[in-house]
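**Student:** Pasting in a structure now, in C-alpha cells, and then I'll have a few things to ask.
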Amino acid sequence: MFKILEPNKIFQITSKAPKYILFLFVVILTVGLTEALILSPEDYKQSDAVRIMYVHVPSAWISLGIFSSITFLSISGFIFKNKNFFLIAKSLAPSGFVFNIIALVTGAIWGKPTWGTWWAWDARITSMLILALFFAIYLIAWIIYEKEEKVFKITTFITVVGIINVPITKYSVDWWNTLHQPASINILTKSSIHSSMLFPLLLMTAAFALFSLLIFLMKYNTELIKIKNKGLDRL
Amino acid sequence: MINELLFMNGYAVYVMSAFGFTLLSFLGLYIITKLQFVKEQNKFVSKFGSLNPEKANSAKTQRINKEILADVTNN
C-alpha cells in the first residue's frame, strides 16, 4: 500500500530536491523581508512593533502544524507497521522545535513594547512553552532509546499526550481572557487583518514552510544514509 | 527611508532583534543539519571503500547506495 514511500525510491527525489528548495526559500524570504520590514504599513496602535508579527506568527503556525503532523505520522506508523512514517516524523521534529523556540523568543521580544513585560503566564504563552517541552522530550527519546520497537512506542506515546495541548494552544485565546488578542485570521470567516499586512504574513509563512521542508529533507536523507551505514556494517 | 528603517519609531531594537534571532536560528539549524548529513555521507563513503570488491559489487546493486555515492561525487 505504501510502496511509494519506500526509502530506496524516495532517496532519488529527496537527495536532489534540497538545492532547488534552498533557492526558492532565499527568493521568497528576500521578498518577504522587504515586504515585512519596508513596504508593509505600521499599525495605528502598535506602530512598527507590529512587524515582529511577520516572524512570530508563522513560526507558531508551523511548529503547531509540525507537531500535529508528527502525531499523525506516529499513529499511522503504528497502525500500518511502517517504519518510514516514524523516520519522516523524526526528521520533521528538529525544525518544529526550532520554530517553537523562535515563536517563544520573538513573542517575548514583542511582549516588552506591547504589554510592558517579557513574559506572562498567559494561556497561549504557557501552552506554547508546554509544546516546546513535548518537542524536547520527543527529540531526547530518539537519542536515549536505541531499540526500534521501544523508541517507536515511546515517541508515539509522547505525541499522543502532547497533541492534547495543540487545540488548547489554538483556542486558548477564545476560551480564556488572555493578553493575546483573539485570532485575526480565519479560514472559514472573514479575516480582520488588512490585506497590506496579510500579504507579507503569507509570504513569510511560505518562506518558513520552505525552510522547514529543506531541513526535513536534509534530516531525512541523513537518516536514510545512517540506515545504509548500518546495512554496510552487516555485509 | 533608511532612517525610518533604522529607527522604526523607536521599535527598531525590538524588531531587529526578533528578525535577527529568527535568521540566526535558521542559519544555526541549517549548519548543524548539513554537518550531520556530510558526516554520515563521509562515513558511508569510507565504509564502502573498505568493502572487498565482491561485497562492493553486491552493495552497488542497491539503487539507494548508487544514489548516495553519486550525490557525494556531485557535491
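Taken in sequence, the protein lines are chains A and B.
One rule links them: number in the working numbering = place in the first sequence (from 1) + 433.
One rule links them: number in the working numbering = place in the second sequence (from 1) + 12.
Here a beta-carbon is modelled for each residue, glycine too, at the ideal position from N, C-alpha and C.
With a cut-off of 8 Å on the beta carbons, I'd call residue 630(A) and residue 602(A) a contact; round off their distance for me.
**Tutor:** Sequence index remark: in the first sequence, residue 630(A) carries index 197 (1-based). Sequence index remark: in the first sequence, residue 602(A) carries index 169 (1-based). That belief does not hold up - the Cβ atoms of residue 630(A) and residue 602(A) are roughly 22 Å apart, past 8 Å.
**Student:** At what residue ranges does the region 479 to 516 of chain A contain a whole run of the alpha helix (DSSP H), taking only runs of 4 or more?
**Tutor:** For the region 479 to 516 of chain A, whole alpha helix (DSSP H) runs of length 4 or above, ordered along the chain, are 486 to 513.
**Student:** Locate the alpha helix (DSSP H) running through residue 48(B), then write down its first and last residues.
**Tutor:** Mapped onto the second sequence, residue 48(B) falls at position 36. That run of the alpha helix (DSSP H) goes 24 to 61.
**Student:** Please report the straight-line C-alpha distance between residue 78(B) and residue 478(A), rounded to a whole angstrom.
**Tutor:** Mapped onto the second sequence, residue 78(B) falls at position 66. Mapped onto the first sequence, residue 478(A) falls at position 45. Each residue's alpha carbon lies about 59 Å from the other.
**Student:** Go ahead and label residue 82(B) buried or exposed: buried means 16 or more other beta carbons lie within 10 angstroms of its beta carbon, across all protein chains shown.
**Tutor:** Position 70 of the second sequence, counted from the start, is the residue given in the question as residue 82(B). It is exposed - the Cβ of residue 82(B) has fewer than 16 other Cβ atoms within 10 Å.
**Student:** Are any of the Cβ atoms in chain B nearer than 8 Å to that of residue 601(A)?
**Tutor:** As a position in the first sequence, residue 601(A) is number 168, starting the count at 1. It does not; no Cβ of chain B falls within 8 Å.
**Student:** Going along chain B in order, which residues have a C-beta closer than 9 Å to the C-beta of residue 481(A)?
**Tutor:** Position 48 of the first sequence, counted from the start, is the residue given in the question as residue 481(A). Residues of chain B passing the Cβ test: 16, 19, 20, 21, 22, 23, 24, 26, 27.
**Student:** Check each candidate in 61(B), 71(B), 38(B) and name the one with the smallest Cα separation from residue 405(A).
**Tutor:** Beyond the ends of chain A as shown, which are 434 and 668, falls residue 405(A); an answer cannot be given.
**Student:** Is residue 555(A) helix, strand or coil by DSSP?
**Tutor:** Mapped onto the first sequence, residue 555(A) falls at position 122. Coil.
**Student:** Between the C-alpha atoms of residue 474(A) and residue 501(A), what's the straight-line distance to the nearest angstrom?
**Tutor:** Position 41 of the first sequence, counted from the start, is the residue given in the question as residue 474(A). Position 68 of the first sequence, counted from the start, is the residue given in the question as residue 501(A). Computed Cα separation, rounded: 33 Å.
**Student:** Tell me residue 476(A)'s beta-bridge partners as DSSP assigns them.
**Tutor:** Along the first sequence, one-based indexing puts residue 476(A) at 43. DSSP lists 480(A) as partners of residue 476(A).
**Student:** For residue 53(B), is the classification buried or exposed, using 16 other Cβ atoms within 10 angstroms of its Cβ as the cut-off for buried?
**Tutor:** Within the second sequence, the letter at position 41 stands for residue 53(B). Buried.
**Student:** Would you tell me roughly how many angstroms separate the C-alpha atoms of residue 420(A) and residue 476(A), rounded to the nearest one?
**Tutor:** Because chain A is modelled from 434 through 668, residue 420(A) falls outside the range shown and cannot be assessed.
**Student:** Please name the residue, chosen from 566(A), 653(A), 606(A), 624(A), that lies closest to residue 449(A) on a Cα-to-Cα basis.
**Tutor:** In the first sequence, residue 449(A) corresponds to position 16, counting from 1. That would be 653(A), whose Cα lies nearest to the Cα of residue 449(A).
**Student:** Does any CB atom of chain A fall closer than 8 Å to the CB of residue 43(B)?
**Tutor:** Residue 43(B) sits at position 31 when you count from the first residue of the second sequence. Output row for residue 43(B): interface = no.
**Student:** Would residue 544(A) be called buried (16 or more neighbouring beta carbons within 10 Å of its own) or exposed?
**Tutor:** In the first sequence, residue 544(A) corresponds to position 111, counting from 1. Label assigned to residue 544(A): buried.
**Student:** Is the number of C-beta pairs between the region 486 to 493 of chain A and the region 533 to 544 of chain A that are closer than 8 Å three or more?
**Tutor:** Enough Cβ pairs lie closer than 8 Å, so yes.
**Student:** What span of residues does the alpha helix (DSSP H) with residue 466(A) cover, start to end?
**Tutor:** Indexing the first sequence from 1 puts residue 466(A) at position 33. Element bounds for residue 466(A): 450 to 467.
**Student:** Taking the beta carbon of residue 557(A) as the centre, do at least 16 other beta carbons fall within 10 Å, making it buried, or is it exposed?
**Tutor:** As a position in the first sequence, residue 557(A) is number 124, starting the count at 1. By the neighbour-count rule (16 or more Cβ atoms within 10 Å), residue 557(A) is buried.
**Student:** Short check: CB of residue 643(A) to CB of residue 486(A), under 8 Å?
**Tutor:** Indexing the first sequence from 1 puts residue 643(A) at position 210. Indexing the first sequence from 1 puts residue 486(A) at position 53. No, Cβ-Cβ distance for residue 643(A) and residue 486(A) is not below 8 Å.
**Student:** At 4 residues or longer, what runs of the alpha helix (DSSP H) sit wholly inside the region 570 to 658 of chain A?
**Tutor:** Entirely contained in the region 570 to 658 of chain A, the alpha helix (DSSP H) runs reaching 4 residues are, in chain order, 581 to 595, 598 to 608.
**Student:** For the region 503 to 521 of chain A and the region 578 to 595 of chain A, state whether three or more C-beta atom pairs, one from each stretch, are separated by less than 8 Å.
**Tutor:** In short, these stretches touch, since the Cβ pair count reaches three.
**Student:** Between the region 526 to 538 of chain A and chain B, which residues of the former have CB atoms less than 8 Å from a CB of the latter, in chain order?
**Tutor:** Cβ contacts with chain B: 527, 528, 531, 534, 535, 538.
**Student:** For the putative contact between residue 651(A) and residue 46(B), defined by C-beta atoms under 8 Å, what is the C-beta separation to the nearest angstrom?
**Tutor:** In the first sequence, counting from the first residue as 1, residue 651(A) sits at position 218. In the second sequence, counting from the first residue as 1, residue 46(B) sits at position 34. The Cβ separation is near 6 Å, so the contact holds.
**Student:** Shortest alpha-carbon distance to residue 526(A) belongs to which of 616(A), 513(A), 570(A), 445(A)?
**Tutor:** Here residue 526(A) is taken as the residue at index 93 of the first sequence, counted from 1. When only C-alpha atoms are compared, the closest one is 570(A).
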